[in-house]
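Taking it in order: structure first as structure tokens, then the write-up.
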């Protein structure tokens, strides 16, 4: 549909603004930056881009300080009072509290700086989680609250499954720029291959709340549960830097994910009838530019891997247009992609939402053009750590973390292995171990849940080390575990050196 | 409360039948055996006992035929045409279809009769599952359907967690004698230590159905979700033949389970408010006699590990009474245990249900007295196999299967180890391997669920063999895997010899 998008843009340019008054939801974001700062695209929200850029700089700086600090400390490790000095330095430079006792070195037992590096990476990640970035970015939701807005567009909850690939590590904050309040679930899997039954359970938990407590809205309200799948590809090196789980083949990646989304839709209809009302949306991300392809559903809700509206193309086609014309061009491109007239009432909500994502992403496309000369210098992987277990979204940035959700390594082994293979490839040349964080969330309202979460985190960490024992034995892995009562609350580190039995069966002589 | 029960029985004997007309639910079962067959206790339902006895005989005979058949075949294995003969014999005697090619022996490669034994045990178990016993036993639910009856008693779903111990392998059919239709969930764990969050999910799935489809009844109906925990103890050898997971200490077993039930109750109140309406019930089973202790909740729903109504005591106290007097004695014992008057309206439903279980169990107490001289000859473990994964209830019998529910060995390792330790102890002296069945159920309405289930079954089997590799290497374990679309449907065996990758990480040189 690239042709259609361009055609629509031209048509918009030719015919001027539509006469049909835009709905308030659409207006909300169009009214956002009434006076855009200096820049090129009339729809790119530079205030948001600048805030995201500052946040990215802060995150990069935090991790970037680790190696120079350790490099500076290394040669002094045999000096008197080194441990206290090192602890003070790490506190001052990295804001990490590492007990001096752990920093004592002697010529027979020098500091394990590789392990310390991984420890600092994991510690920095945890510190940034608790740093409480303003992820809501108020300008993302001005006009009216975004959650009210998405309900107006016909959705009451959004469940996003991106690929575990670290280049999608900023997918909701940077690429899609959707506020956390509208994302009910975000779970990542290699190749975005989510479990259909698990998504059904997500729907069920939301639905029960709607029935029982009327939140986020009443069960009778004619809104839908939206499941979004996000695959990715590389425009620079499509055969090499695409999705590893799908052999770096974007047709395969999109096709497999679309099939999974269709399975979810089918399962929901069979299990809960036509009234269950779910919507699905397939999105592709070019990890070189952060541009997106939105596979706008047609009037029957069907999507096609070859039919999409592309933010990069729309950016170029509309950058020169007056603001209102640019908006119309996007609307027309989305309608053309859906194969419906621009005033089709049935598909209106989904089309507005697709337009909202494309417009948001135009800001990111411009940010990458401005700050990375249009394409990221690192087309491939430079993730700093792997996160397994429950999702962490508090700190987001492209190539920050390979993140794969799993309850156990037994089930998540394939995803874990992909992550370790990827990180090992770019850590090993620097003789650095791969840092892995096992992160388990629990509901503090359930008695005993904290203990269960700790056991699970401990088990997960042990299983990672057991599966990759050879790599761990030569210092190629560094695993930490944390539990957390809920999003936004403090992390509790788990002491993995403490013995908790259960490691060996030992049940028969 | 043993004293109270006796006292109540005596009081009932002294004062005759109550004048208050019993509710219809209670009548339903009291009317059941209007003309009891020859026997001792007026409330023991001998029709049911005899049907259960026949079923037990059939199950025992099926497993009992395995060893003699193999013993007979063993010396002939080098005779000409043996394979075809053996296949025909196994088909005729055990109703198992084993291809002749798998039964070819030579003097350099004799039959692995140990493995064949395990194979036959697993095959027989699967055959019996598909044999479709009439588990509903129509006389269990005559008068009116039991599910309507439990709703009248104030419950809309029952979730039972017994211990994984094989001596509770007949808990719902034999010991509690509740029809399958009223058991929404039955999951076993070592020491009955269920996961509270998982029980909350059970409640949620039932609740959503009530809201959306009005099944089993409408969400507005003032009925409750009943969670039952079943621990066990041994009256013959309390220190040795009790629950292994709780150090054969019945106070610990009951206390830990009561705490878990209270945690569930607390979690539900916090998560879903007082309106969530769950009830909990603690039951103890004497595995030597199948008699039960019912820890009847008091007016506030609270239970006490020392306060219970005992079926064995009630049996003796009421065996000589006229039928109506015996019923009153049980009612009084239950009311005394709850600490409420016999006409207390608030606790009526739960008390009727406790009375129903005690009355049912009196039939089992008598059956054990009749057919096992009051106590089982095998106080300890003689389980024939271990079942892991999803629950199997189609074929039940004391000491048939150690059954522990788990998604992965990573999470269920402790339960698996207990099971293997127990079965190894009584299989090893006979030089027989421990048969383990990995059983995964799936919802056929979810596209792709069959494939996911097969992967899970395969993973589970592989993880069992990996964890107990040394035992497996010397032929001490035999693992099979099956998947099943739903209860009552056919089992699909999984060929574990086929390679499916994923076993080794192999991700770094």
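Residue numbers (full-length UniProt numbering), protein chains in the order written: chain A, 1 to 509; chain B, 1 to 509. Glycine residues also receive a C-beta, built at the ideal position from the N, C-alpha and C atoms. If you're wondering where the values come from, they're calculated on a predicted model, not measured in any experiment.
- Selection 97/B, 461/B, 378/B evaluated against residue 412/B yields 461/B as nearest (Cα-Cα).
- At a cut-off of 3 residues, the continuous stretches assigned as beta strand (DSSP E) that sit fully inside the stretch 176-243 of chain A are 183-186, 224-233.
- Counting along the chain, residue 478/A sits inside no alpha helix (DSSP H); it lies in the beta strand (DSSP E) bounded by residues 477-484.
- In terms of CA proximity to residue 301/A, 348/A leads the group 316/A, 348/A, 323/A, 321/A.
- Going by DSSP, residue 113/A is part of no beta strand (DSSP E) but of the alpha helix (DSSP H) stretching over 113-130.
- Here the stretch 389-402 of chain A lies against the stretch 162-179 of chain A, with 3 or more beta-carbon pairs under 8 Å apart.
- The straight-line gap separating the alpha-carbon atoms of residue 111/B and residue 74/B is approximately 8 Å.
- In the structure shown, the three-state DSSP call for residue 446/A is coil.
- Nearest to residue 185/B by C-alpha distance, out of 198/B, 175/B, 191/B, is 198/B.
- The beta carbon of residue 415/B lies closer than 7 Å to those of 164, 189, 190, 404, 406 in the same chain, with the five residues before and after it left out.
- Following the DSSP letters along the chain, one finds residue 68/A inside the alpha helix (DSSP H) bounded by residues 66-73.
- A distance below 6 Å between beta-carbons, with the five flanking residues on each side excluded, links residue 472/B to the following residues of its chain, in chain order: 465.
- Annotation for residue 490/B: no alpha helix (DSSP H) segment contains it, and DSSP assigns it neither H nor E.
- Taking residue 463/B as reference, the option from 483/B, 449/B, 438/B, 485/B with the minimal CA-CA separation is 438/B.
- Cβ contact annotation for residue 239/B (same chain, cutoff 7 Å, sequence separation greater than five): 248, in chain order.
- Interface flag for residue 266/B against chain A is set, since a Cβ pair is found closer than 8 Å.
- Per the coordinates, the alpha-carbon of residue 256/A lies some 8 Å from the alpha-carbon of residue 193/A.
- For residue 441/A, the beta-bridge partners assigned by DSSP are 484/A.
- For residue 90/B, there is no enclosing beta strand (DSSP E); the enclosing alpha helix (DSSP H) covers residues 82-94.
- Within chain A, the residues 408, 410, 411 have their CB atoms less than 7 Å from the CB of residue 408/B, given in chain order.
- The beta carbon of residue 452/A lies closer than 8 Å to those of 442 in the same chain, with the five residues before and after it left out.
- For residue 368/B, the enclosing alpha helix (DSSP H) covers residues 348-372.
- Straight across, the Cα-Cα distance linking residue 146/B with residue 131/B is about 24 Å.
- Setting aside the 5 residues that flank it on each side, residue 235/B is surrounded in the same chain by 286, 288, each with a C-beta closer than 6 Å to its C-beta; the list follows chain order.
- For residue 313/B, the enclosing alpha helix (DSSP H) begins and ends at 311-318.
- Between residue 337/A and the set 375/A, 359/A, 297/A, 357/A, the nearest pair of CA atoms involves 297/A.
- For the C-beta of residue 448/B, the chain A residues within less than 7 Å are, from N- to C-terminus, 196, 263.
- A distance of 8 Å or more separates the beta carbons of residue 211/B and residue 225/B.
- Beta-bridge pairing by DSSP links residue 159/A to 185/A, 227/A.
- Look at the stretch 40-56 of chain A: it has no residue with a C-beta under 9 Å from a C-beta of chain B.
- One Cα belongs to residue 223/A, the other to residue 272/A, and the distance between them is close to 15 Å.
- Here DSSP, grouped into helix, strand and coil, assigns residue 109/B to strand.
- Under the Cβ distance rule, residue 207/A counts among the residues neighbouring chain B, one pair being separated by less than 8 Å.
- In this structure, residue 176/A places its C-beta atom within 8 Å of the C-beta atom of residue 361/A.
- CA-to-CA, the gap between residue 482/B and residue 489/B works out to about 12 Å.
- According to the DSSP secondary-structure assignment, residue 294/A is paired through a beta bridge with 283/A, 309/A.
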